[in-house]
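Every number in this note's numbering is 146 more than the matching position in the sequence shown, counting from 1. Don't be surprised by glycine CBs; every beta carbon is placed ideally from N, CA and C.
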Amino acid sequence: MTKNLYQILGVDRSASEAEIKSAYRKLAKELHPDRNPGDQKIADRFKEVSSAYAILGDKEKRPKYDRGEIDEQGQERAAAGFGARSRGPYGGAAGFGGAGARGFGGDDFRGFAGGTYDETVGGEDVEDLFADLFGFSRGRTQQNRAKQPQKGADQTYRLSVSFSDAARGGTKRVTLTTGRTLDVRIPAGVTDGQTIRLTGQGRPGRDGGPAGDALVRVEVAEHPYFTRDDKDVYLDLPIRVDEAVRGAKIKVPTLDGPVTITVPKGSSSGRKLRLKGKGVGGEGERGDQYVVLKIVLPDTPDPALEEAIEDWARHHSYPVRDHLKL
């Protein structure tokens with residue numbers, strides 16, 4: 147009997163998204179093949195846990211699984227033939243005339259009277275199920291038809307990347323649910339939440355169909371001092387009062403390493419200095435970096451500075467709020 151996905155992760159069916167994620171991370175850390183080299187039993191358990199999380203950790207797939215619309219492998223169940231609410235391998239209480247059931251003569255079921263329905267219910271062929279229940283077979287006519295190839299299910303992964311790797315591009319290694327590792331190319335300029343599709347790296351297909359795809363959802367980590375707006379990078383640069391008044395040459399960080407900029411004399415807080423081509427993207431298509439000046443006063447009051455400013459203000463006062471019409 148197939149093990150319940152909630153049991154595999156060791157959580158209740160009512161578990162929150164955060165609880166499921168926490169349980170998966172704990173198990174994945176314990177069972178990761180890199181920590182248990184050569185242990186096939188542990189490797190199989192790791193695959194089982196990863197497959198369970200690929201469904202329960204997905205906001206779209208989990209409700210489908212809870213409703214019985216997909217199985218533990220993420221494949222769609224053929225439950226409509228016995229009633230829209232059937233749960234078990236024999237359709238549950240709704241399997242024979244329950245709410246929504248149209249198993250005998252209804253429009254939803256197209257296999258009992260020679261139609262084209264060739265899915266399975268709970269892992270059993272529909273015709274085999276009828277033979278077991280009622281002691282008859284209609285001649286196995288379905289075996290005379292060529293089964294249609296079916297593409298395998300897609301699998302979803304989450305991949306954390308640094309701000310710099312997202313901005314400049316790079317390569318990250320992903321461990322698939324099969325235990326196999328794959329180097330994923332991170333394109334320069336990838337954004338948080340963007341999905342990278344790896345064709346043919348999902349679940350195997352059926353009856354000669356192609357494999358599904360691996361969908362890698364990128365999660366970009368925050369940077370301690372850079373922020374980003376599309377392809378442009380922003381840096382708040384603290385400067386002293388004297389540097390703002392007299393101007394200065396200051397070394398600042400960029401994605402490519404430190405550079406020296408010139409702060410013009412008489413600069414105010416909020417002034418932006420542009421560094422062309424120092425933003426996000428590949429060669430020839432990069433954005434810019436903007437250095438935003440922020441004048442910072444000493445942490446503690448300085449009597450000498452106060453006296454100097456007071457003397458200066460007596461002779462050089464100037465309007466700064468006239469536009470407010472106060």
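- In this structure, T323 sits away from A161, with a CB-CB distance that is not shorter than 9 Å.
- Here Q435 carries a strand assignment [DSSP, helix/strand/coil].
- For I407, the enclosing beta strand (DSSP E) has its first and last residue at 405-409.
- Note: D375 is bridge-paired with D378 in the DSSP secondary-structure output.
- The same chain holds no residue with a CB closer than 6 Å to that of P183 once the five nearest residues on each side in sequence are set aside.
- Rounded to whole angstroms, the gap between the alpha carbons of V438 and I385 is 10 Å.
- Residue environment: K424 is assigned as buried (16 or more neighbouring CB atoms within 10 Å of its CB, all protein chains considered).
- Here V379 is near A313, since their CB atoms are less than 9 Å apart.
- Among the bridge pairs identified by DSSP, Y303 is matched with V362.
- Bridge pairing for L419: V437 [DSSP].
- Cα atoms of L443 and S415: separation of roughly 12 Å, rounded to the nearest angstrom.
- DSSP places L383 within a strand segment (E or B) once states are collapsed to three.
- In this structure, A169 keeps its C-beta atom at 9 Å or more from the C-beta atom of F192.
- Only buried fits D300, as 16 or more other CB atoms lie within 10 angstroms of its CB.
- Following the DSSP letters along the chain, one finds R467 in no alpha helix (DSSP H), marked with neither H nor E.
- Secondary structure note for V398: it is in no alpha helix (DSSP H), and the uninterrupted beta strand (DSSP E) holding it is 394-398.
- The Cβ neighbour count for R326, taken over all protein chains shown within 10 Å, is under 16; the residue is labelled exposed.
- Judged by DSSP secondary structure, R314 falls within the alpha helix (DSSP H) whose first and last residues are 309-314.
- Cβ-Cβ distances below 7 Å link R343 to D359, L361 in the same chain, with the five nearest sequence neighbours on each side left out; the list follows chain order.
- Looking from the CA of E176, the closest CA among D158, K440, S196, E163 belongs to S196.
- Between V307 and A367, the CB-CB gap stays under 9 Å.
- Around the beta carbon of K471, a 10 Å sphere encloses fewer than 16 other beta carbons of the protein chains shown; the residue is thus reported as exposed.
- The Cβ atoms of G354 and G298 do not sit closer than 9 Å to each other.
- Annotated three-state conformation of R326 is coil, per DSSP.
- E218 and L305 have their alpha carbons spaced roughly 23 Å apart.
- In terms of Cβ geometry, T408 and K397 do not form a close pair [threshold 9 Å].
- Separation of the CB atoms of G315 and G403 is rounded to 17 Å, and the pair is thereby denied contact status at 8 Å.
- Counting C-beta atoms within 10 angstroms of its own C-beta, Q435 has 16 or more neighbours from the protein chains shown and is therefore classed as buried.
- The residues L305, T317, K318, R319, V320, I342, L344, V362, in chain order, have a CB closer than 8 Å to that of V330 in the same chain once the five nearest residues on each side in sequence are set aside.
- For E431, the closest C-alpha among the options P333, L419, K395 is that of P333.
- In the DSSP annotation of this structure, the continuous segment of the beta strand (DSSP E) that includes I342 starts and ends at 341-344.
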